[in-house]
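Read through the structure below, which is laid out as structure tokens, and then see the notes.
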Amino acid sequence: MDATSAHVASILKVAWARSLGIGDRDLAPGREHVALGSDARSLTFLSVFGESVFLGPEWAVERARELSDDQLGSERGMLSIAKDRGARRARAETLLFTPDYLPPPPMHPSEAPLISRDREMVNEVVRACPPDDVEAAELSEHSEWFTLLDNEMNPVACAAYEEWQGFVANMTALTIPEARQRGYSKTVSLIATNVALDAGLVPQWRAHRTNANAWHLAEALGYDKFGTLATVEFG
1 MDATSAHVAS ILKVAWARSL GIGDRDLAPG REHVALGSDA RSLTFLSVFG ESVFLGPEWA
61 VERARELSDD QLGSERGMLS IAKDRGARRA RAETLLFTPD YLPPPPMHPS EAPLISRDRE
121 MVNEVVRACP PDDVEAAELS EHSEWFTLLD NEMNPVACAA YEEWQGFVAN MTALTIPEAR
181 QRGYSKTVSL IATNVALDAG LVPQWRAHRT NANAWHLAEA LGYDKFGTLA TVEFG
């Protein structure tokens, strides 16, 4: 890992530690186990840059010690810990990031993408997409939108980011069904990523394990996998 990537990795580790309410030293080589109060109603496993932590009540910590990181990083593994405690709403995400600006593809100036920052264009993309896709992208939960328009000025794809923990930009993207497989998401996500970097943020993509399209898009852009987040609610 070069100096730039190492610096960005330290930023991401601090951001994640703060988001979980733990100290920076609770993320260390190997795996730490943090026992929460008996009133806790969720379990969390985080692995970033080879360092991991599990958070849950004491009974869950004891069960987690018997599982590998790979098992804890899956919905199935997390559900198994709380299966007799009313486990529900399990979620596993792949975490990806880029420390570098993404190079735009070569093109003539006349082919430069037309981008709108108008919220109504975002709403049009949302209305044109299936509810499951809208829920996965969570565009409305972000604050900086970039909508790609076609030659007829119709919105075809939107990428967005939301500042998180003061250092990180959580990225997302959504393309209308009839415009998919044309590279629109990649084009607009590249622009959003570079704007986030301009703002001094570290772009991060959180791809749900069942959302292969998001994972593949992030990798196609040049994002690198750096971790896994798995959670489950119970009780």
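Quick note on UniProt numbering: the sequence shown kicks off at 1 and runs consecutively. Glycine residues also receive a C-beta, built at the ideal position from the N, C-alpha and C atoms.
For Met171, which three-state DSSP category applies?
Met171 carries a strand assignment under DSSP once its states are collapsed to helix, strand and coil.
I believe Val202 touches Ala159 by the beta-carbon criterion, under 8 angstroms. Please report the beta-carbon distance rounded to the nearest angstrom.
With a Cβ gap of about 16 angstroms, Val202 and Ala159 do not count as contacting.
Residues near Val122 in its chain [Cβ-Cβ closer than 7 angstroms; skip 5 each side]
Excluding sequence neighbours, Val122 sits near Leu139, Trp145, Thr147, Cys158.
Could you pull out every residue in the same chain whose Cβ sits closer than 6 angstroms to the Cβ of Pro57, ignoring the five residues on either side in sequence?
Only Leu36, Ser38, Ala40 meet the Cβ criterion.
For the region 202-216 against the region 44-59, are there 3 or more C-beta pairs whose distance is under 8 angstroms?
The region 202-216 is not in contact with the region 44-59.
Do Val125 and Ile176 have their beta-carbon atoms positioned less than 8 angstroms apart in this structure?
Yes.
Within the region 142-207, note down every full alpha helix (DSSP H) run reaching 4 residues or more, in order along the chain.
The alpha helix (DSSP H) runs of length 4 or more contained entirely in the region 142-207 are, from start to end of the chain, 184-198.
Local conformation of Ser68 per DSSP, three classes
In the three-state reduction of the DSSP assignment, Ser68 falls in the coil class.
Rounded to whole angstroms, what is the Cα-Cα separation between Ala90 and Val168?
Spanning the two alpha carbons is a distance of roughly 24 angstroms.
Three-state secondary structure (DSSP) of Ala9
Helix.
Taking C-alpha atoms, which residue in Ser116, Ala28, Ile81, Ala9 lies nearest to Val156?
If you compare the alpha carbons of Ser116, Ala28, Ile81, Ala9 with that of Val156, the shortest gap goes to Ser116.
Where does Glu138 fall in DSSP's three states?
Correct three-state label for Glu138: coil.
Which runs of the alpha helix (DSSP H) fall wholly inside the region 72-103 and span at least 4 residues, in chain order?
Counting whole runs of 4 or more residues, the region 72-103 contains the alpha helix (DSSP H) stretches 75-81.
Nearest-angstrom Cβ-Cβ length linking Leu95 and Gly227, presumed shorter than 8 angstroms:
Indeed they touch by this definition, with Cβ atoms about 4 angstroms apart.
Limits of the unbroken beta strand (DSSP E) element including Arg31
For Arg31, the enclosing beta strand (DSSP E) begins and ends at 30-36.
Per DSSP, which residues does Phe234 bridge with? Please list them.
Residue pairing by DSSP places Phe234 opposite no residue, since no beta bridge is assigned to it.
8 angstroms contact criterion, which Ala230 and Glu75 should meet: CB distance rounded
Ala230 to Glu75, Cβ: 7 angstroms. Contact.
Heavy atom of the ligand MG within 7 angstroms of Val8 beta-carbon
Of ligands this structure carries none, so the ligand MG is not represented either.
Using only alpha-carbon positions, find the residue among Leu46, Tyr161, Leu43, Arg25 that is nearest to Asp198.
The residue with the shortest Cα to Cα distance from Asp198 is Tyr161.
With 16 other CB atoms within 10 Å as the buried threshold, where does Lys186 fall?
By the beta-carbon neighbour count (other beta carbons within 10 angstroms, threshold 16), Lys186 is buried.
Taking all protein chains shown into account, do 16 or more other C-beta atoms lie within 10 angstroms of the C-beta of Lys83, making it buried, or fewer, making it exposed?
Taking all protein chains in view, the Cβ of Lys83 is surrounded by fewer than 16 other Cβ atoms within 10 Å, so the residue is classified as exposed.
If distances are taken between C-alpha atoms only, which option among Val61, Ala9, Glu163, Leu221 comes closest to Thr44?
The shortest C-alpha separation from Thr44 is found at Val61.
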